[in-house]
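Taking the numbering used here, the leading residue of the sequence shown gets 3, the next gets one more, and so forth.
Below: the structure, in structure tokens.
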Amino acid sequence: MNKSAIIIGVITLVLFGACRDYESVAYTQPVEVEKYDGTFLEYLSDEASHLFNQKYDSMLVIINAVPGLKEQLEKDDEYFTVFAVPNECFEYSFDQLNTYREQKKQGKALFLKELLIEPFDVEIEIPNKDDPENPIIEIRHYDYRARVDTLLCRYIFTGKYDTKKIIEAQESLSLESYKYKYQMNVSCTRQTASGIVGEGVRSFTLSDMNNSQLKDLWKSTNIVWHDIYTRNAVIHLLTNQHNFGYDKFINYFKDYNTSLIL
3 MNKSAIIIGV ITLVLFGACR DYESVAYTQP VEVEKYDGTF LEYLSDEASH
53 LFNQKYDSML VIINAVPGLK EQLEKDDEYF TVFAVPNECF EYSFDQLNTY
103 REQKKQGKAL FLKELLIEPF DVEIEIPNKD DPENPIIEIR HYDYRARVDT
153 LLCRYIFTGK YDTKKIIEAQ ESLSLESYKY KYQMNVSCTR QTASGIVGEG
203 VRSFTLSDMN NSQLKDLWKS TNIVWHDIYT RNAVIHLLTN QHNFGYDKFI
253 NYFKDYNTSL IL
């Protein structure tokens with residue numbers, strides 16, 4: 003698909019500190035509206051149109067693997083706001099998970115394909131104190147794919163939330179994630195920059211609120227480019243220093259046991 007855009011200005015990225023939870027970013031934005039002649043899924047697939055040479059294959063793999071998700075995101079009667087997560091963000095999260103698994107001696111390294119397997123049930127025998135000869139049988143259900151879906155949908159929202167709308171809403175909005183209605187926050191601030199007409203330096207963040215109104219408990223990450231308008235979504239690009247899932251990835255998948263997978 004073809005992208006039509008006039009990019010005016012110079013991008014300046016300033017990253018402070020080694021922490022991947024939150025990175026300070028300052029940049030100037032294009033004056034002209036950036037449009038992509040296609041859907042947001044087509045944009046994610048169209049590497050020639052990607053800024054900063056980023057790739058979004060991991061997002062697409064999940065969207066294609068979760069039953070019905072791709073079809074839902076292609077609906078003509080819905081408009082979305084999408085925070086595009088670069089492949090590097092998934093790599094960071096898997097590196098951390100596999101380091102944890104190695105420390106706990108939990109077996110081989112995991113990759114995305116292992117988390118997208120079909121759901122399954124496992125019978126667990128629990129000792130019965132009242133009747134030792136007849137252990138209690140417990141059926142445990144595992145659906146790692148649904149857990150991945152839950153995390154991915156925290157970067158997708160129903161409705162149009164571009165920087166203009168966020169700034170007009172006193173620079174901050176609490177949004178419910180797609181499908182699962184998990185509370186996230188978007189914040190966008192703008193300052194007048196010397197020598198730039200009608201534009202300025204913006205700070206734009208997406209935060210996991212951690213089920214709390216206390217900002218000290220939030221985990222935030224930066225957007226390095228915003229307001230790419232496709233036919234069915236406005237896209238904002240996350241920094242490639244972000245960890246997919248924020249600080250929840252290990253907790254969601256630390257119980258993965260390869261011995262249970264048939």
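Backbone N, C-alpha and C fix where the C-beta goes; we use that ideal spot for every residue, glycine too.
In the DSSP assignment, residue 95 falls within the alpha helix (DSSP H) that extends over 89-105.
The C-beta distance from residue 220 to residue 187 rounds to 7 angstroms, short enough to fall under 8 angstroms. Take the alpha-carbon of residue 140 and the one of residue 66: they are about 32 angstroms apart. One alpha carbon belongs to residue 60, the other to residue 88, and they sit about 8 angstroms apart. Here residue 224 carries a strand assignment [DSSP, helix/strand/coil].
The beta carbon of residue 159 sits closer than 7 angstroms to the beta carbons of 82, 83, 177, 179 and 180 from its chain, once the five residues preceding and following it are set aside; these are given in chain order. Around the C-beta of residue 86, 16 or more other C-beta atoms lie within 10 Å, and the residue is accordingly described as buried.
When only Cα atoms are considered, residue 251 and residue 217 end up about 21 angstroms apart. Contact between residue 62 and residue 47 holds, since their C-beta atoms are separated by about 6 angstroms, short of 8 angstroms. Linking residue 189 to residue 170 through their CA atoms gives a straight-line distance of about 11 angstroms. Within the same chain, and ignoring the five residues on either side of residue 228 in sequence, the residues whose Cβ sits closer than 6 angstroms to its Cβ are 165, 206 and 238. Residue environment for residue 244: buried (at least 16 other C-beta atoms within 10 angstroms of its C-beta). Residue burial is scored here from C-beta neighbours: residue 210 has at least 16 other C-beta atoms within 10 angstroms and is therefore classed as buried.
Assignment of residue 229 by DSSP, reduced to helix, strand and coil, places it in the strand class. Excluding residues up to 5 positions away in sequence, 219, 220 and 221 lie with their Cβ nearer than 8 angstroms to the Cβ of residue 212 in the same chain.
Residue 156 and residue 182 have their alpha carbons spaced roughly 8 angstroms apart. Boundaries of the alpha helix (DSSP H) around residue 45: 42-47. In the three-state reduction of the DSSP assignment, residue 151 falls in the helix class.
At a Cβ-Cβ threshold of 8 angstroms, residue 64 and residue 118 count as neighbours. Linking residue 257 to residue 36 through their CA atoms gives a straight-line distance of about 43 angstroms. The secondary-structure analysis by DSSP pairs residue 74 with nothing; it has no beta-bridge partner.
In this structure, 145 is the residue among 114, 110 and 145 with its C-alpha nearest to the C-alpha of residue 124. DSSP, read as helix, strand or coil, puts residue 61 in helix. At the C-beta level, residue 235 and residue 42 come within 8 angstroms of one another.
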